[in-house]
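Structure record follows, encoded as structure tokens.
Protein chains in written order, with my numbering: chain D, 1 to 188; chain H, 189 to 455; chain A, 456 to 1244.
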């Protein structure tokens, strides 16, 4: 299924409307003389999976000109059948939050404030830090002579909220850099 | 109206109190959160403290101790009850602001509200809320815009537990009676229906696991205030004092009841 | 979860214990309530406090935090004494009949083989008795005194109702009502399920609590069937996937084991990790381990991985010891860790003994946090009480794309990998984690090519292609994970095609089959449900092999007939000579009469009532939490004898019951998610749960002069926090062995960042954990409470 698929609203509308027709015995939209088309009627619909607990509820995100205008449960999902809890219902506010991070932030040693930086600067500096710390804390052999080739001075935490493909790439990246201090939310 | 009356059935015996309904309502109606200064824990999970111009529905949490030491936590979502005998409709002087729409819903179009406050003062459920800054009143309209477009209300759609059901009212009532019989058989002898006949029959009806007195803030016998009945149904139709218009009603109301102040944060 | 969310509707009895499903997994109750509507299922809530789950339950039983093994042990004993188990299931599918070494013993809370100094067991005596061919000996009559069944019966006979209730503080009649109701599902035509979560794992006995209930489920024949299983409700949207993909120190993707220092060659490693069975009937599926491992090495090192160089096995770092969360923070506090990446994790709030963890962050040279909002961890340098000028850590906070601003799959608790799409472009300069990881790795590859440093090969020889540098593709990665036949270049159909000779690649064998030549199966939206059991085989894709209920061979009797024909998951079709229904957890064409064992991942083909591979004993045993107000009345072992006691910095302190007499537990709430950092930036959720609070009983409140809504101080040996009192009848003091024990409850979702702030509950929790998992004991510790601050 591709992103441009029109018809999620049709799907959602149809499911909801057929529920309404099914129980009411008539089509509500037909009898409402004043009916105004909803804003979501003209929106593009894309599905996502809720980022909170692990139920895996499907959510429809309505966008107009690339901006989210509405989010609600995906009635096609056999798991949530269109419903969502309080957190899932609030996804719209996450998309729109004025508090979202929109720039790289950097805090220099001893500083009491953030500075905004660009990606290239930050990524160059982080890579350099990783290399320095790896090279300085790399352990080739244990005291009894066993070869271990590991980086003891860097730890990596997290990943329970990111996608599988990202988790896989992170595991691959971390192991290739020799990390053994590696853990995530499953532990805490 | 030739159509069947539609409504919402709130099955309190299924409610998780997850409050998806509160958030879904704000999401669909694009209502902001209450101001940050009001974010307080008051010794309960219940929040915000009251309905407001930006909070049209909320879940009440009531702890109820049974004889013998067991405890129950009762949840009840409140919102506009969609009275058949709707006080707000009777008292509102502005027809475009408060009306019964083609789907039979009591709709408050705040754009036309003149801020007279009659509906807020007389609603037996204290639902409409006046915004002093905007000089307008707001309330839940059961997502009439969604319904008109073949979608079910946002709260009913979001409810994970299917505790909020939307449909023709007579079918909901039938379903509710079956459910109440089942609850009685499961050790809830006080299980009952609320809203079948109250205020001429409510559009929003409750299945209650316990007697209605156990649910905080639920009027035992909601009625159109006597003043409104006298004024609108008896006096006004025969033309007496019609020249006084709305003012006549205010005077009349004051004589019968004295000033009414909506308490904030107390219920 | 062995089963999945929708399957809850197939249950006759749902016990919610060690979780608070209605609050923390609200959608689960859509299905629990459907079971009640359609099957008159009973819902049971066992919890120290009366929760929103309890309010929907048919039966509520309270228990003191940390006494779950006593409670479940009592249920096992009840089941055995009243012969409520499924005899055929127990004999044929579990190791009940297997004979254990005559050297095995148990007394005074200790199993045979305990080494007091090392606080470890030597499990030599926990072994099967073998025949002359090395095949385990069995007594299918279950009468031999050394058979598992008799040992089990003997062990749990000590968990009589009176003893259990003295420990747990549960009213006797409530305990019996739970035991009676749940054990009724031992009827082969009935199904009972358990929903548990961190309320079980976060104890010093966590693993054994889960094992205890797994034992009960096996006795009742509830594993493998629809409406049954042992169901862990995972707490994060993709904690299932991130575990499958091994973001953990001890694993490689697909639950392969991390190489350790003693693995001096690939062969030595494979020999250590590949189980061997001498039983000719046994499937012993893990015998395929080398195929999965070598295919993983091919995915990681590509053409560089050859048979001659042991498929680049030596490019992997090798571990020596434990590097779990608490160990990492101990090392950090001691200054051994200089750099830290946090990908959407917030240990300043979520870690145990949070003040110590916050202090440990100060020892870092650099910290990189990637998140969608500012987190407590990322601003630890300006946390209340800190002086930024004294903190030399360089901190980077990278703006991540949110879940709806990027593409990829996530795996829900039921193992369903569902694809999510880019709904909107990332806000501002935010980027997907995939883009960030790719950008970093490409830079590091360049840096190491220019200036090698020590052993650069793992970086320079790593196969790394995520599509274009600027627009890495989740689909490209998903195909690498699925794996390829390297000779034809075709995607593998599934992991049964993996080879151990370097001709296949596969990034995670468990997910092989998710993205094949037929396309991206995780994106499927088919709504057909051919069995009517809610399996939805064409909606997304689930591991392994799209099997929706694992261990489903056990849903049928030995003849291949479903225990309950109305609830069939799979069945043997004699005419077609194949299994039908769900993807069978067994050879599709292997007839039931071959009796290859219903649990094919175990060498003996049987589920283990007696588990020889656990750190702390083959049977669960009740011990008190690390901090407890009472003595263990079951044995002289006060705490789990295998708990690691080595976390003892100057900030690690143990509380005593004189100073801290009250039991405390932590939990989540519906309205905030985990440490709260996503939800506490969202006003709609903040207004629902705006402030840190503490729940306590009216009895305790009266004793302390606390009224509802008062600001209180809660203290433990580690620190103290402020919280608003919620005085409630939903908490009750426990009567434990004729003594009143008070318990309080604390949500752990608050911190000093965000719009709704509050003190983190984890300031109070100890650095102590389960010996198998090192998961911290957040759920039972000692504290004191007073009015005011």
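Each residue gets a CB set at the ideal place from its N, CA and C atoms; glycine is no exception.
Source: prediction; values computed, not measured.
- Cβ-Cβ separation between residue 182 of chain D and residue 894 of chain A: approximately 20 angstroms, too far for a contact (criterion under 8 angstroms).
- DSSP, read as helix, strand or coil, puts residue 213 of chain H in helix.
- Distance from the CA of residue 144 of chain D to the CA of residue 891 of chain A, rounded to the nearest whole angstrom, comes to 38 angstroms.
- One thing to note: residue 276 of chain H has its Cβ no nearer than 7 angstroms to the Cβ of residue 304 of chain H.
- Look at the stretch 529 to 557 of chain A and you find these whole runs of alpha helix (DSSP H), each 4 residues long or longer: 542 to 548.
- Looking at A:1239, A:1234, A:1215, the one whose alpha-carbon comes closest to that of residue 835 of chain A is A:1215.
- Per DSSP, residue 174 of chain D has no beta-bridge partner at all.
- In the displayed model, residue 250 of chain H falls within a strand according to three-state DSSP.
- Of all alpha-carbon atoms in A:794, A:1234, A:873, the one lying nearest the alpha-carbon of residue 153 of chain D is that of A:794.
- In this structure residue 1229 of chain A does not touch residue 682 of chain A by the C-beta definition: roughly 33 angstroms separates them, more than the 8 angstroms allowed.
- Listed in chain order, the non-local C-beta contacts of residue 1240 of chain A below 8 angstroms within the same chain comprise 1117, 1149, 1151, 1155, 1159, 1161, 1167, 1168, 1169, 1170, 1199, local neighbours out to five positions each way being set aside.
- Within the same chain, Cβ atoms closer than 6 angstroms to the Cβ of residue 1090 of chain A are found at 563, 564, the five residues on either side in sequence being excluded.
- Counting only residues of its own chain and dropping the five nearest sequence neighbours on each side, residue 505 of chain A has a CB closer than 7 angstroms to the CB of 515, 1185.
- Between the alpha carbons of residue 1183 of chain A and residue 1135 of chain A lies a gap of roughly 25 angstroms.
- Close CB contacts of residue 1044 of chain A within its chain, under the 7 angstroms cut and outside five residues either way in sequence, are with 1032, 1033 (chain order).
- Chain-ordered, the chain D residues with CB closer than 7 angstroms to the CB of residue 207 of chain H read 86.
- Take residue 71 of chain D, set aside five residues on each side of it, and the residues of its chain with a beta-carbon closer than 6 angstroms to its own are 59, 61, 91, 92, in chain order.
- For the 7 angstroms CB-CB criterion, residue 395 of chain H and residue 367 of chain H form a contact.
- For residue 295 of chain H, not one C-beta of chain A is nearer than 7 angstroms to its own C-beta.
- In the DSSP assignment, residue 93 of chain D falls within the unbroken alpha helix (DSSP H) covering 91 to 96.
- Per DSSP, the beta-bridge partners of residue 240 of chain H are H:243.
- Counting C-beta pairs with one atom in each stretch, the stretch 668 to 681 of chain A and the stretch 840 to 847 of chain A have fewer than three that are closer than 8 angstroms, which means they do not touch.
- Put simply, of A:1224, A:752, A:1088 the residue whose alpha carbon is nearest the alpha carbon of residue 622 of chain A is A:1088.
- Interface residue (Cβ-Cβ distance to chain D less than 7 angstroms): residue 1055 of chain A is not classified as such.
- For residue 892 of chain A, the enclosing alpha helix (DSSP H) covers residues 888 to 905.
- Scanning D:39, D:87, D:141, D:65 for the CA closest to the CA of residue 1141 of chain A turns up D:87.
- In this structure residue 821 of chain A is buried. Its beta-carbon is surrounded by 16 or more other beta-carbon atoms within 10 angstroms.
- With 16 or more neighbouring CB atoms inside 10 Å of its own CB, residue 1073 of chain A falls in the buried class.
- The stretch 941 to 958 of chain A and the stretch 746 to 756 of chain A touch, with three or more beta-carbon pairs separated by less than 8 angstroms.
- One thing to note: residue 673 of chain A has its Cβ within 7 angstroms of the Cβ of residue 1062 of chain A.
- Chain A has a Cβ within less than 7 angstroms of the Cβ of residue 184 of chain D.
- Excluding sequence positions up to five before and after residue 1055 of chain A, its CB lies within less than 6 angstroms of the CB of 738, 740, all in the same chain and listed in chain order.
- Non-local C-beta neighbours of residue 532 of chain A in its own chain, meaning closer than 7 angstroms and more than five positions away in sequence, comprise 611, 612, 614, 615, ordered along the chain.
- Under the DSSP assignment, residue 196 of chain H falls in the beta strand (DSSP E) whose first and last residues are 194 to 199.
- Proximity of residue 1135 of chain A to chain D, defined by a Cβ-Cβ separation below 7 angstroms, is not satisfied.
- Under the three-state reduction of DSSP, residue 675 of chain A is assigned to coil, being neither helix nor strand.
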